[in-house]
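Read through the structure below, which is laid out as structure tokens, and then see the notes.
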Amino acid sequence: MKVVRLRIPELGIELDQLHTGSAVVTCIPDMANVAWPAREIFAQLSHEDLAAAAGRSPPGTVDPSSGTIALSFNCYVIRTPGYVALIDGGIGDGKDRPHRPAWHRRATGFLATLAAIGVSPERVDIVINTHLHADHVGWNTRRDGETWRPTFPQARYVVAEAELAHWVKLHAASPDGNTLHGAFADSILPIIRSVGFEAVAPDALIAAGLKLRPAPGHTPGMVAVTLTTGEGDVLFMSDAIHHPLQLGDLDVACNFCADPAQARTTRQVLLGAAAADRSVLAPYHFPAPVFGRLAQEAAGFRFEPL
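Written out as structure tokens, the structure reads:
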């Protein structure tokens, strides 16, 4: 396996790209390296906790003086000889998110970035939503006049059956509400009403070498995704972990986890297995460099970029 830093001068960006076996995995951040108030995601952290976390986290990812941590929102494009898959759909463009100002009515170069790596929306065969939070489904759809249409018209839109059922039930109980900050209405319901979701078991085999893994806790039906290649496995962690500081303290819980105890168990199981079999991690919220392996350290782990 090797990682290259792909430079796209015309867009003024650089992307992490993993080459493994016959697969190429490109990380495209829909939002990169945001200084996020730490207590807005990890309420239990004190200033002293942040100072300790800074010492065990990658440089620049924890700033105790400002009380912030660095977060990205990473979509992953997998290209193999047999298919093109997108793991998670980011925040999206043009979405009304008044309660999340940084996500509100954005206009980005996401599709231009896809095009720059040779992937048009029509070339995407599979879109996997690891769960249905608003920051993972935004590019499911794009606006066409007054209508939200599938961004990837030829793709299978895949989600765990339990995850879809959970949010469909919540929306049905309050159809005029703001389910998922509005993402249900503009990024999920249009898929249900058009191409439809492929609702699958949490351990389903989606395509050759591409398999889901149950990862409940953050949401009831969340999954991680494993890509098996001739050179080892790549584990797309979804929101089983949000920041490298959690590697050193597995008890640090995200404010947005539906079941923090279950989320901790999921995190521990996935990280332990990844460390044991030397899987390459592809975390959703880590800032670059995003591809790395884990080493056991004290009661937790250390992230070692490739």
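Be aware that the sequence shown starts at 6, since it is given in my numbering, and climbs by one per residue.
Cβ atoms here follow ideal geometry from the backbone N, Cα and C, with glycine treated the same way.
Original post:
With 16 as the cutoff for other CB atoms within 10 Å, does Gly17 come out buried or exposed?
Top reply: It is exposed - the Cβ of Gly17 has fewer than 16 other Cβ atoms within 10 Å.
Original post:
Hey, Val67 and Leu55 are a contact pair by Cβ (cut 8 Å); roughly how many whole angstroms apart?
Top reply: Indeed they touch by this definition, with Cβ atoms about 6 Å apart.
Original post:
Secondary structure at Phe202, three-state DSSP: helix, strand or coil?
Top reply: In the structure shown, Phe202 sits in a strand (DSSP, three-state: E or B).
Subject >> Bounding residues of the alpha helix (DSSP H) (the contiguous stretch that carries Leu50) >> reply: First-last for Leu50: undefined, no H or E at that position.
Subject >> Of the residues Thr31, Leu255 and Arg102, the one placed nearest Asn183, counting alpha carbons only >> reply: The shortest C-alpha separation from Asn183 is found at Arg102.
Original post:
Under 8 Å between the Cβ atoms of Trp172 and Leu217?
Top reply: Against a cut-off of 8 Å, the Cβ pair of Leu217 and Trp172 comes out as no contact.
**OP:** Please indicate yes or no: does the CB of Thr31 lie closer than 7 Å to some heavy atom of the ligand ZN?
**Re:** No copy of the ligand ZN occurs in the structure displayed, which carries no ligand at all.
**OP:** Taking 8 Å as the threshold, find out whether the segment 194-212 comes into contact with the segment 244-264 through three or more Cβ pairs.
**Re:** Contact check between the segment 194-212 and the segment 244-264: fewer than three CB pairs, one atom from each, fall below 8 Å, which does not count as touching.
Original post:
Buried or exposed: Ala4, going by 16 or more other Cβ atoms within 10 Å of its Cβ?
Top reply: Missing from the structure shown is residue 4; the chain here goes from 6 to 311 and no further.
Original post:
In terms of residues, what are the limits of the beta strand (DSSP E) holding Val129?
Top reply: For Val129, no beta strand (DSSP E) segment is defined, and its DSSP state is neither H nor E.
Original post:
Three or more C-beta pairs closer than 8 Å, one from the segment 299-310 and one from the segment 89-100: is that the case here?
Top reply: In the pairwise beta carbon analysis, the segment 299-310 is classified as not touching the segment 89-100: fewer than three pairs are separated by under 8 Å.
Subject >> Counted within 10 angstroms of its Cβ, other Cβ atoms place Asn38 as buried (16 or more) or exposed >> reply: Burial call: exposed.
Original post:
Ordered along the chain, which non-local residues of its own chain (more than five positions away) have a Cβ less than 6 Å from that of Ala268?
Top reply: The beta carbon of Ala268 sits closer than 6 Å to those of Gly222, His223 and Cys262, all from its chain and outside the five residues before and after it, given in chain order.
Original post:
If you count every other CB in all the chains shown that lies within 10 Å of the CB of Glu53, and 16 or more means buried, which is it?
Top reply: Counting Cβ neighbours within 10 Å, Glu53 comes out exposed, since fewer than 16 surround it.
**OP:** To the nearest angstrom, report how far apart His176 and Val285 are at their CA atoms.
**Re:** In a straight line, the C-alpha of His176 is about 36 Å away from that of Val285.
Original post:
Cα-Cα, which of Ala40, His24, Val132 and Asn79 is closest to Pro158?
Top reply: For the residues Ala40, His24, Val132 and Asn79, the minimum Cα distance to Pro158 belongs to Val132.
Original post:
Under three-state DSSP, which class holds Gly305?
Top reply: Strand, per DSSP.
**OP:** Could you tell me if Thr152 is buried or exposed, where buried requires 16 or more neighbouring beta carbons within 10 angstroms of its beta carbon?
**Re:** By the neighbour-count criterion, in which 16 or more other beta carbons inside 10 Å mark a residue as buried, Thr152 falls on the exposed side.
**OP:** Report the option in Ile13, Val29, Leu20 and Leu11 whose CA atom is closest to the CA atom of Asp238.
**Re:** With distances taken between Cα atoms, Asp238 lies closest to Val29.
Subject >> Nearest neighbour of Thr25, chosen from Thr233, Thr271, Leu299 and Gly114 [CA to CA] >> reply: Of the candidates Thr233, Thr271, Leu299 and Gly114, the one whose C-alpha sits nearest the C-alpha of Thr25 is Thr233.
Original post:
What span of residues does the alpha helix (DSSP H) with Asp140 cover, start to end?
Top reply: Unbroken alpha helix (DSSP H) run through Asp140: Ala139 to Val142.
Original post:
Would a C-beta distance cut-off of 8 Å place Leu299 and Phe308 closer than the cut-off?
Top reply: Leu299 places its beta carbon less than 8 Å from that of Phe308.
Original post:
Does DSSP put His24 in a helix, in a strand, or in coil?
Top reply: Of the three classes helix, strand and coil, the one that applies to His24 here is strand, per DSSP.
Original post:
Going straight from the alpha carbon of Leu11 to that of Pro86, what length do you get?
Top reply: Taking the straight line joining both Cα atoms gives about 20 Å.
Original post:
Opposite Ile13 in the DSSP bridges: which residues?
Top reply: Answer is Ile18.
Subject >> Integer-rounded CB distance, given that Thr135 should sit under 8 Å from Asp35 >> reply: The beta-carbon separation of Asp35 and Thr135, rounded to 14 Å, does not stay under the 8 Å limit for a contact.
Original post:
With 16 as the cutoff for other CB atoms within 10 Å, does Ala206 come out buried or exposed?
Top reply: Exposed, since its Cβ has fewer than 16 Cβ neighbours within 10 Å.
**OP:** Spell out the partners DSSP gives Phe241 in its beta bridges.
**Re:** Note: Phe241 sits in a beta bridge opposite Val230 and Ala287.
Original post:
In the structure shown, what three-state DSSP assignment does Val173 receive?
Top reply: Looking at Val173 - three-state DSSP - the assignment turns out to be helix.
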